[in-house]
Structures are given as C-alpha cells and as structure tokens.
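Asker: Residue numbers (this note's numbering): 46 to 104.
Before we start, here is the structure in question, set down as structure tokens.
Dropping the structure here:
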C-alpha cells in the first residue's frame with residue numbers, strides 16, 4: 046500500500062468516526078429533549094391533579 050492510499054484510508058476512518066460521533070450527539074440531544082418534554086408533561090399533569098384536588102377540598 047503506498048503512502049497516499051494510507052493517508053486516504055486514515056482520512057476516511059477519521060471522517061467516519063466524526064460522522065458517527067455527530068449522529069450520536071444529535072440523537073443524544075433528541076433523546077434528552079424528549080425526556081425533558083415527558084418530565085414537563087408529567088409535572089404539569091401532577092400540578093393539574095393537585096389543583097383539582099385542592100379546589101375540591103377547599104370548596
């Protein structure tokens with residue numbers, strides 16, 4: 046294998062790793078965003094339950 050082929054292979058490997066890392070980071074952010082949304086929905090649901098029960102008990 047000559048020098049330019051080695052360099053080309055190295056560049057291809059580095060670009061492949063960079064692509065995988067970028068995809069992993071993007072999916073990590075998407076996953077975190079969906080988890081945050083679920084937590085916010087859960088908290089707002091709990092807040093609704095508390096306000097309903099508080100309203101009924103104070104009524």
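Here a beta-carbon is modelled for each residue, glycine too, at the ideal position from N, C-alpha and C.
Remember, it's a predicted structure, so these values are computed and weren't measured experimentally.
Using a Cβ-Cβ cut-off of 7 Å (strictly less than) and excluding sequence neighbours within five positions of residue 82, which residues of its own chain qualify?
Answerer: Counted from its first residue, the chain shown places residue 82 at position 37. Once the five neighbours on either side are set aside, residue 82 has no close Cβ partner at all.
Asker: Run through DSSP, which three-state label would residue 50 get?
Answerer: Here residue 50 is taken as the residue at index 5 of the chain shown, counted from 1. Three-state DSSP puts residue 50 in a helix.
Asker: Within its chain, find whatever has a CB closer than 6 Å to the CB of residue 117; leave out the 5 residues flanking it on each side and keep chain order.
Answerer: Given a span of 46 to 104 for the chain in the structure shown, any question on residue 117 remains unanswerable.
Asker: Hey, how far is the Cα of residue 57 from the Cα of residue 69?
Answerer: Taking the first residue of the chain shown as position 1, residue 57 is located at position 12. Taking the first residue of the chain shown as position 1, residue 69 is located at position 24. If you take the alpha carbons of residue 57 and residue 69, they lie about 18 Å apart.
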